[in-house]
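J.:
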Amino acid sequence: MYKLLKITFILTALVCCLQGMYAQNARTVTGRVIDEDNEALPGVSIVVKHSTRGVTTDLDGTFSISVSPDDVLIFSYLGMETQEIKANAGKEYVVQLKAKANEFDEVTVVAFARQKKESVISAITTISPKDLKIPTSNLTNALAGRMAGLIAFQQSGEPGNDNAQFFIRGVTTFGYKKDPLILIDNIELTSTDLARMNVDDIAQFSIMKDATATALYGARGANGVIIVTTKQGQAGKPKISARIEHSMSRPTRMVGLADPITYMMMNNEAVDTRRNPLNPSQDANYVTYSQDKINNTIAGTNPYVYPAVNWYDELFNPSTSTERANVSLSGGSEKVRYYIAASWTKDNGVLKNERLNNYNTNINLQRYSVRSNTNIDLTKTTEVAIRISGSFDDYVGPLNGGDQLFNKVMRTSPVLYPKSYPAVGEYAKSTHVLFGNTAAGNYLNPYADMVKGYKESNNTNVSAQAELKQKFDFFTKGLEARVMINTTRSAYNDVLRYNIPFHYQAGSYDKATDTYTLIPLNTDGEEFLRYYPGSKDMNTTNYVEAAVSYNRTFDKHAVSGMLVYMRQERKVANAGTLQLSLPRRNQGVSGRFTYAFDSKYFTELNFGYNGSERFSSGERYGFFPSAGLGYIISNEDFWEPLIPTINKLKFKMTYGLVGNDAIGSSDDRFYYLSEVNMDDSGRGQSFGSEYGNYKNGISNTRYPNPYITWEKSQKSNFGIELGMFNSALDVQADVFYEYRTDIYQGRAYIPSSMGLSAGVSANIGEASSRGIDISGSYSFISGKNYWVKSMANFTYAVGKYEVYEEPDYAGFGEPWRSRVGQPINYNYGYIAERLFIDENDISNAPVQTFGVYQAGDIKYKDINKDGKITSEDQVFLGYPNQPEITYGFGVSGGFKNFDISLFFQGNARVTFFLQPNKIAPFVDLSKQEKSDMGMDENKTAVNNLLSVIAEDHWSENNRDLYAFWPRLSPTIIHNNTQPSTWWMHDGSFIRLKTVELGYSLPEKVAKRFNLSSLRLYVTGNNLLTFSKFKLWDPEMGTNGLGYPIQQVYNVGLNINF
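According to mature numbering (1 follows the signal peptide of the UniProt record, and there is no 0), the residues represented by the sequence shown are -26 to -1, 1 to 1031, in order.
So, in structure tokens, the structure goes:
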């Protein structure tokens, strides 16, 4: 008992001493905890390391805790990175916790999975979504020049019809499908679906370029893959982000037209210079303008009797506007995370409306989209992801599109009639527009065509996706399985509403009273709108994907493997034929194995085993393997002295086989079966006593070929990744080569004596492509209040024919006619030497076989020296009609709360041809050309006059043998409209694509308004273009007479709560 009391006394004394010692050493530390937006964080756990002592922050984020001199404080909060700070007594801390790093910042999206960026040896380019935020409602228009390996160009500025064309590493095949596979959250979609995407919803945007990146997609990966991953919610308090923009836009460049006086004078010159003394009656058919008409037009006499119409001004406004708005909400707990977003866009065209109409004929495209991504952790090892999205387009616009209206301006004389006559005199109470015309109303009046009605369409796309992930760490660490199902449904419908315009012509004119009579030209005009039910379409795509993966590290060894099964089915609700009504199906199995040793040596093996319904049972499945090696030499011990300068140096190379089953249009299915027309009117027979009865016959339109198979592509890639100065300078470069085989094309050597009623095709074509793509960035912070960052990328890609079934031109002594060895999408035509000098020059030159020609017309080179110019003298000209080189570079910087960025984009090694028959002044179009424009084939369309032709054409007074335009003519001179170097132009350009200036509200000020941040910015797009070609925007190529690309001025506001 005594011993027990003694021990108790000693322990008590010891405790008291220790308490006294702690009381002497203990100090109080105070402070405040904030997040990255400088907002207070209540409820943050603060614990002294290796103890149970701790506190939590109050509503203002403040805390107070007693510590000893050597204590370390641990700050932790849901959704935030844990932070440790050594406690210093008496100091007041401001601790800023950062959100847990998004997994996309640490890994790269690869086929069906994600990989640590360090271990990726595939050729993959990733771009930050913020770099795609330009003032456009079409995401594809933001791609040009932004990513190494992606060649993109835009050829129209019409809202809803302004998708950019894009190819990964250029055009690598002359087969049917040339564009890349597009996957949004692992679901195959179209370029239009990509165009509709709201950039604020994108978490990562990547392009996959080589075989190891695309082999798992097997039959779909030959042309490269674009993968877009949408945002997911992150654990933490709710965050609201909103962005509002208003844009004004105008054409980057308008086609220059000559004034009406010059038009009439040049028209008369065209008639005079082509007069045929041997056939004077021919000249009577040509329109000429009297000096009296010219003088009265110059004097400005009544413009309805002597019209001088600027059709561009009459049809189009100089500018238009666009509005965009989107809002998102994200957040959640560790168990449930969500990202919800909605957006709205309204694009307007530049078309004018008629005040008498009670309907709109201008382009008005409104687009709505919603997205909801939810992640739920059912257990520590089980996660469910639910993704729902929808986009809804409502369109109102001209009957045949804005592109055609711009073209129709070029098809209309400025001096024959006004757009319309005023409702005066006997027509004062008219309730319809008095449209101008002549010759029984048979001429094209583009204004009447524009305002006579409108097209209304609705497009709906809805997608629902569910994904289940299950980790099996309890069985073996690193094992995981997932199943994903998705259904996408799209529906489209349109209606046309239009009337028949009333056309009038000015009759007798009393100059003394300045009055005129009107002559009605048609009696079938209508004031009401007709209704025409347009097209209806509905498609459903169902997709199933199941995968099992394994990823584990053993000491210095890292291994991973994955096996994926996928199946896709598409149904068309209103198919027009039996074949199209059948569901389209494909399925496949893909796999990947990777091994890394000591973060230095990497290897990867992939395969895709895919099946396609297009081929017979013997060719239905294809196996597409690939392999790659990587070596990070900078991780070697001997490299350590170089780390301060070159902190990363990685070499990688890959090789593999990928395929393409889209060897024909979607209407071409089951190539192993024949197609038979059971009701062919061209194969019928008359019968009966007087042959008065006729019965349609039967014909083969395609012969069966059970050996039709995949288009195959062998891809090889060698790449280098370089990081210097702690990765302030980052460079990636890849050299690539690709060889395509089994390209589907028609057989050229099937003689007609075989009696076949249709052509025969087979997998006989071959092509190759090669090139290099490089990207780099350099960033540094020069001081506390300012920073600078720059970037650049460059892509060179050229494809050429290797095998093409064609006549043996070399054997015929005409090797220049062979496609083999020439670029894909080449330009083909004659070499124009100059214009003919005179009749003596014509007599001494080879005979040109394209119709009549005379002095001032184009003279061509006789390539085969046979004394005549025929199709055998055509050669390959210039570069392809898509750029072989594309590049972009930019710089951005900031000072305090201001930021600015500039981005330039350019194309090179690209050639296009003018179409002389479409710009030839004073001539009427062919019926086919009118039909292509949605015109009545029987109407007369008299071409307008380009100012460049008026200023620079051959004439008796200007015998320039290299003038822009040959001798004028009131009819098409076929000798001058042949494809040749005369009409070939360099499509290269460099453009100031984007300039943005922004101002962010100071954090303290934003907090007063309960905001996390507020940024106001102004942006300009397509501001300056430098090019040798001046007629129109060079990016439009041959489509220069269409709806012009737009120059955009934008103001925006971005708010975060």
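Ideal Cβ positions, reconstructed from N, Cα and C, are used throughout, including at glycine.
Of all the beta strand (DSSP E) runs that stay within the bounds of the stretch 337 to 422, which reach a length of 3 or more residues?
T.: You should have 338 to 351, 356 to 371 and 408 to 410.
J.: Where does Met909 fall in DSSP's three states?
T.: Indexing the sequence shown from 1 puts residue 909 at position 935. Three-state DSSP puts Met909 in coil, outside helix and strand.
J.: Residues in its own chain within less than 6 Å of Gln561 by CB, not counting five upstream and five downstream?
T.: Within the sequence shown, residue 561 is the residue found at index 587, counting from 1. Counting only Cβ-Cβ distances below 6 Å, and skipping sequence neighbours, we find Arg541 and Gly585.
J.: Alpha carbon to alpha carbon, how far is Asn621 from Ala707?
T.: Translated into the one-based positions of the sequence shown, residue 621 becomes position 647. Translated into the one-based positions of the sequence shown, residue 707 becomes position 733. In this model, Asn621 and Ala707 are separated by some 17 Å (Cα to Cα).
J.: CB-CB under 6 Å to Ile724, same chain, minus the five flanking residues each way: which ones, in chain order?
T.: For this step, residue 724 is matched to residue 750 along the sequence shown. For Ile724, where only same-chain residues beyond five positions count, the Cβ hits under 6 Å are Val734.
J.: For a test of the three-state rule: what should DSSP assign to Phe612, helix, strand or coil?
T.: On the sequence shown, residue 612 is found 638 positions in, with the first residue counted as 1. In this structure, Phe612 counts as helix in the three-state DSSP scheme.
J.: Could you tell me which of Val389, Gly371 and Ala413 sits nearest to Asn432, measuring between CA atoms?
T.: Residue 432 sits at position 458 when you count from the first residue of the sequence shown. Checked all of Val389, Gly371 and Ala413; the closest Cα to Asn432 is Gly371.
J.: Looking at the unbroken beta strand (DSSP E) that takes in Leu997, where does it start and where does it end?
T.: By one-based count along the sequence shown, residue 997 stands at place 1023. Where Leu997 is concerned, the enclosing beta strand (DSSP E) stretches over Ser987 to Phe1000.
J.: Measuring alpha carbon to alpha carbon, tell me which residue in Val69, Gly795 and Met54 is nearest Gly35.
T.: The sequence position of residue 35 within the sequence shown is 61, counting from 1. Cα-wise, what sits closest to Gly35 is Val69.
J.: Opposite Met54 in the DSSP bridges: which residues?
T.: As a first step, residue 54 is located in the sequence shown; it is residue number 80 there, counting from the start. DSSP, once it has assigned bridges, lists Ala73 as partnering Met54.
J.: State the DSSP-derived secondary structure class of Val922, mapped to helix, strand or coil.
T.: Taking the first residue of the sequence shown as position 1, residue 922 is located at position 948. Here Val922 sits in helix by DSSP.
J.: Name the DSSP bridge partner or partners of Trp318?
T.: Locating residue 318 in the sequence shown gives position 344, where the first residue counts as 1. Answer by DSSP bridge pairing, in chain order: Ala299 and Tyr342.
J.: Alpha carbon to alpha carbon, what distance is there between Asn700 and Ala61?
T.: Translated into the one-based positions of the sequence shown, residue 61 becomes position 87. Translated into the one-based positions of the sequence shown, residue 700 becomes position 726. So the alpha carbons of these two residues sit roughly 30 Å apart.
J.: Using the Cβ count rule (16 or more neighbours within 10 Å means buried), how would you classify Asn460?
T.: Position 486 of the sequence shown, counted from the first residue, corresponds to residue 460. Classification for Asn460: buried.
J.: Report yes if the C-beta distance between Glu779 and Pro680 is below 9 Å; otherwise report no.
T.: Against the sequence shown, residue 779 aligns to sequence position 805. Against the sequence shown, residue 680 aligns to sequence position 706. No, Cβ-Cβ distance for Glu779 and Pro680 is not below 9 Å.
J.: Would you say Gly452 and Arg526 are within 9 Å of each other, going by their C-beta atoms?
T.: One-based indexing of the sequence shown puts residue 452 at position 478. One-based indexing of the sequence shown puts residue 526 at position 552. Against a cut-off of 9 Å, the Cβ pair of Arg526 and Gly452 comes out as a contact.
J.: Please report the Cβ distance between Pro475 and Lys426, rounded to the nearest whole angstrom; I am assuming they are in contact, meaning their Cβ atoms lie under 8 Å.
T.: Residue numbering aside, residue 475 sits at position 501 when the sequence shown is read from its first letter. Residue numbering aside, residue 426 sits at position 452 when the sequence shown is read from its first letter. Right, their Cβ atoms sit about 5 Å apart.
J.: Grab me the residues of Met(-26)'s own chain with a C-beta within less than 6 Å of its C-beta, minus the 5 sequence neighbours each way, in chain order.
T.: The sequence position of residue -26 within the sequence shown is 1, counting from 1. Confidence at Met(-26) is low in this model, with a pLDDT of 42, below 50, so the placement of that residue is unreliable and no value is reported for it.
J.: Measure how close the beta-carbons of Val310 and Ile350 come, nearest whole angstrom, since I'm counting them as under 8 Å.
T.: Position 336 of the sequence shown, counted from the start, is the residue given in the question as residue 310. Position 376 of the sequence shown, counted from the start, is the residue given in the question as residue 350. So it is a contact: roughly 5 Å between Cβ atoms.
J.: Counting beta carbon pairs with one atom in the stretch 788 to 802 and one in the stretch 833 to 849, are three or more of them shorter than 8 Å?
T.: Below 8 Å, enough C-beta pairs join the stretch 833 to 849 and the stretch 788 to 802 to call them touching: three or more.
J.: I'd like to know whether the C-beta atoms of residue 1069 and Ala702 end up nearer to each other than 9 Å.
T.: There is no way to answer for residue 1069, as the model of the chain reaches only from -26 to 1031.
J.: What does the alpha-carbon distance come out to for the pair Asp498 and Asn112?
T.: The residue labelled residue 498 in the question sits at position 524 within the sequence shown. The residue labelled residue 112 in the question sits at position 138 within the sequence shown. If you take the alpha carbons of Asp498 and Asn112, they lie about 42 Å apart.
J.: Relative to the C-alpha of Thr628, which residue among Gly693, Asp641 and Tyr260 is closest?
T.: Here residue 628 refers to the residue found at position 654 when the sequence shown is read from its first residue. Ranking the options by Cα distance to Thr628, first place goes to Gly693.
J.: With a 10 Å radius around its C-beta and 16 neighbouring C-beta atoms as the bar for buried, classify Tyr333 as buried or exposed.
T.: Position 359 of the sequence shown holds residue 333. Tyr333 should be labelled exposed.
J.: By the three-class DSSP mapping on this structure, what secondary structure does Glu695 have?
T.: Here residue 695 corresponds to residue number 721 of the sequence shown, with the count starting at 1. DSSP places Glu695 in strand when its eight states are reduced to three.
J.: Give a yes or no on whether the C-beta atoms belonging to Arg941 and Arg248 are separated by under 9 Å.
T.: As a position in the sequence shown, residue 941 is number 967, starting the count at 1. As a position in the sequence shown, residue 248 is number 274, starting the count at 1. Yes. Within cutoff.
J.: Do the CB positions of Thr100 and Phe140 come within less than 9 Å of each other?
T.: The sequence position of residue 100 within the sequence shown is 126, counting from 1. The sequence position of residue 140 within the sequence shown is 166, counting from 1. No, they are not a contact pair.
J.: Within 10 Å of its beta-carbon, does Val650 have 16 or more other beta-carbons around it, so buried, or fewer, so exposed?
T.: Indexing the sequence shown from 1 puts residue 650 at position 676. So Val650 ends up on the exposed side.
J.: Quick one: Cα of Thr999 to Cα of Arg227, how far?
T.: Taking the sequence shown and counting its residues from 1, one reaches residue 999 at position 1025. Taking the sequence shown and counting its residues from 1, one reaches residue 227 at position 253. Whole-angstrom Cα-Cα distance: 9 Å.
J.: Rounded to whole angstroms, what's the CA-CA distance from Trp939 to Pro154? Just pull it up for me.
T.: Counting from 1 along the sequence shown, the entry for residue 939 is found at position 965. Counting from 1 along the sequence shown, the entry for residue 154 is found at position 180. Their backbone Cα atoms lie some 40 Å apart in a straight line.
J.: Under the three-state reduction of DSSP, which class applies to Gln(-3): helix, strand or coil?
T.: Translated into the one-based positions of the sequence shown, residue -3 becomes position 24. Caution applies to Gln(-3), whose pLDDT of 45 falls short of 50 and renders its modelled position unreliable; the model cannot decide the point.
J.: Quick one: what does DSSP say Arg170 is sitting in, helix, strand or coil?
T.: Taking the first residue of the sequence shown as position 1, residue 170 is located at position 196. Three-state DSSP puts Arg170 in a helix.
J.: Is the distance from the Cβ of Asn995 to the Cβ of Ile8 below 9 Å?
T.: As a position in the sequence shown, residue 995 is number 1021, starting the count at 1. As a position in the sequence shown, residue 8 is number 34, starting the count at 1. Taking C-beta atoms as the reference points, Asn995 and Ile8 fail to come closer than 9 Å.
J.: Excluding the 5 residues flanking Lys382 on each side, which residues of the same chain have their C-beta closer than 7 Å to its C-beta?
T.: Within the sequence shown, the letter at position 408 stands for residue 382. The residues are Leu418, Pro420, Asp423 and Met907.
J.: Taking the alpha-carbon positions, what's the Asn291 to Gly803 distance?
T.: Locating residue 291 in the sequence shown gives position 317, counting from the first residue. Locating residue 803 in the sequence shown gives position 829, counting from the first residue. Looking at the two C-alpha atoms, the distance is approximately 39 Å.
J.: Below 7 Å CB to CB, which residues in the same chain sit around Pro16 once its five sequence neighbours on both sides are set aside?
T.: Locating residue 16 in the sequence shown gives position 42, where the first residue counts as 1. Contacts found: Thr31, Asp32, Leu33 and Gly35.
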